[in-house]
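K.L.:
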Amino acid sequence: MKKFLLALTGSFLALSLLWVVGIKYQLGSPTASSRWVYDAYQHKIHAAQEIKSPRVLVVAGSNAMFGIDSGMLENYWQKPVINLAVNAGLGLPYILDVSRRVARPGDTILMPMEYALYLDEGKANSQIIDYVMARDLDYWRSLSRITQLQYAAGLGADRWLHGLRHLADGPVTIGTYGAHHLDARGDQTHTSAADRSAGDIAAVKATKAWDYAHRAATETGGWKLMENYAQWAKSNNICLIAMPTVLLHHAKYDTDAEDLAFYAGLPERMNKLGIEYLGKPKDFMYPESWFFDTDHHLQDWARQKHTAKLIALLQTRSQAACGRP
7 MKKFLLALTG SFLALSLLWV VGIKYQLGSP TASSRWVYDA YQHKIHAAQE
57 IKSPRVLVVA GSNAMFGIDS GMLENYWQKP VINLAVNAGL GLPYILDVSR
107 RVARPGDTIL MPMEYALYLD EGKANSQIID YVMARDLDYW RSLSRITQLQ
157 YAAGLGADRW LHGLRHLADG PVTIGTYGAH HLDARGDQTH TSAADRSAGD
207 IAAVKATKAW DYAHRAATET GGWKLMENYA QWAKSNNICL IAMPTVLLHH
257 AKYDTDAEDL AFYAGLPERM NKLGIEYLGK PKDFMYPESW FFDTDHHLQD
307 WARQKHTAKL IALLQTRSQA ACGRP
């Protein structure tokens, strides 16, 4: 029995060592699954860095990539607008970190964050693990040793093996997602009704109401991350303006007590954290016919209507408010 336990322990230690060595070997090894996000971020960050004057940066997940018309915002603000939004699946810590690296004193950050991001406790999922280990070693090095170990533990066996192969890495040139479907400001293109496939239409029809409100009552959420972000922005003379995200309307949001309380209370909760929140979430929930391929992605014509509503809210702000044109 003793020999068996020793052999078992030895095997475990050997496999653990192999796993760690494999991770070190594959750091920076690109994966096809992370390429479109990488291309999108490179496109957007480069566009932002080319501008030397104060800018407006849109920070959120893909709801804003599809739902914001940055040209309309540029006409309102009379300053350059760059849409940094890519994918909410990367998680709140990473999305905020990217914006910290790009933003400069004097910038304004518009935050139409997905509701899922407010609930994000910072636990790494498979998407952010894949992306960071393949594409963003600066962020990897900024993580604590414990967090790096959590990333390593969360790496699936298939992804571990894939990373060891160091495959060729070509840009994404087909499909809905990627830099090939972004305009100069970082907004998604090719989102007209004619661009929708049967699969896109079916995906929107299959959507169901989310349980964000119930989760908010039981999960710690990203509130502390938001509070820290507000303090960082203030100390760096960066204006933060949060606004409602795009979401497909479901009857549940009008009748469920938890939903009613969550959405009604979100603006005040954000204001208490030090982030100005404009608008009411319920006013930015739209019918199915407005959406492209998910319950967060608008068609191009709907994006213009949505952005016009955001601008109308921005126009109600005090002349003394930060970031006013």
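Numbering of the sequence shown is given in the working numbering, commencing with residue 7 and proceeding in unit increments.
Glycine is no exception: its CB is placed at the ideal position from the N, C-alpha and C atoms.
Return the CA-CA distance between residue 293 and residue 252, expressed in angstroms with no decimal places.
P.N.:
Each residue's alpha carbon lies about 11 Å from the other.
K.L.:
How far does the alpha helix (DSSP H) with residue 249 in it reach, from first residue to last?
P.N.:
From DSSP, residue 249 is part of no alpha helix (DSSP H); its letter is neither H nor E.
K.L.:
Can you look up residue 119 in the DSSP assignment and give me helix, strand or coil?
P.N.:
The answer is coil: DSSP assigns residue 119 none of H, G, I, E or B.
K.L.:
Among all the DSSP beta bridges, which residues are the ones paired with residue 29?
P.N.:
Note: residue 29 sits in no beta bridge, so no partner.
K.L.:
Mapping the DSSP letters down to three states, classify residue 114 as helix, strand or coil.
P.N.:
Residue state, collapsed to three classes: strand.
K.L.:
Quick test of the definition: if touching needs 3 or more C-beta pairs under 8 Å, does the segment 236-245 touch the segment 208-217?
P.N.:
The segment 236-245 is not in contact with the segment 208-217.
K.L.:
Answer yes if the segment 271-281 comes into contact with the segment 40-50, meaning at least three C-beta pairs across the two stretches below 8 Å, and no otherwise.
P.N.:
With the cut-off at 8 Å, the segment 40-50 and the segment 271-281 do not touch.
K.L.:
Count the C-beta pairs between the segment 223-235 and the segment 314-324 that are closer than 8 Å, then say yes if the count reaches three, no if not.
P.N.:
No, they do not touch.
K.L.:
Could you check the C-alpha separation between residue 309 and residue 107 for me, to the nearest Å?
P.N.:
Going by the C-alpha atoms only, they are around 27 Å apart.
K.L.:
For residue 3, is the classification buried or exposed, using 16 other Cβ atoms within 10 angstroms of its Cβ as the cut-off for buried?
P.N.:
What is shown of the chain runs 7 to 331, which leaves residue 3 out entirely.
K.L.:
Leaving out five residues before and five after residue 240 in sequence, what residues of the same chain have Cβ atoms less than 8 Å from its Cβ?
P.N.:
Answer for residue 240: 280, listed in chain order.
K.L.:
Considering only their Cβ atoms, is the gap separating residue 218 from residue 121 smaller than 8 Å?
P.N.:
Yes, the pair counts as a contact, with Cβ atoms nearer than the cut-off.
K.L.:
Any idea what DSSP makes of residue 108, helix, strand or coil?
P.N.:
Three-state result, residue 108: helix.
K.L.:
So residue 123 and residue 90 are supposed to be a Cβ contact under 8 Å. How far apart are they, rounded?
P.N.:
That pair is no contact at about 14 Å.
K.L.:
If you run the structure through DSSP and keep just helix, strand and coil, what is residue 20?
P.N.:
With a pLDDT of only 47 at residue 20, under the threshold of 50, the placement of this residue in the model should not be trusted; the figure read from the coordinates follows. DSSP places residue 20 in helix when its eight states are reduced to three.
K.L.:
Would you kindly work out how many angstroms separate the C-alpha atoms of residue 254 and residue 185, rounded to a whole number?
P.N.:
Between residue 254 and residue 185, the C-alpha separation is close to 25 Å.
K.L.:
Within 10 angstroms of the Cβ of residue 325, are there 16 or more other Cβ atoms? Answer buried if so, exposed if not.
P.N.:
Residue 325 should be labelled exposed.
K.L.:
When you compare the segment 262-270 with the segment 163-183, are there three or more beta-carbon pairs, one atom per stretch, that lie closer than 8 Å?
P.N.:
Touching, no.
K.L.:
Can you check whether the CB of residue 134 is closer than 8 Å to the CB of residue 161?
P.N.:
No, Cβ-Cβ distance for residue 161 and residue 134 is not below 8 Å.
K.L.:
Using 10 angstroms around the beta-carbon of residue 152, count the other beta-carbons present and answer buried if the total reaches 16, otherwise exposed.
P.N.:
Its Cβ having fewer than 16 others within 10 Å, residue 152 is exposed.
K.L.:
For residue 197 and residue 95, what's the separation of their Cα atoms in angstroms?
P.N.:
Going by the C-alpha atoms only, they are around 21 Å apart.
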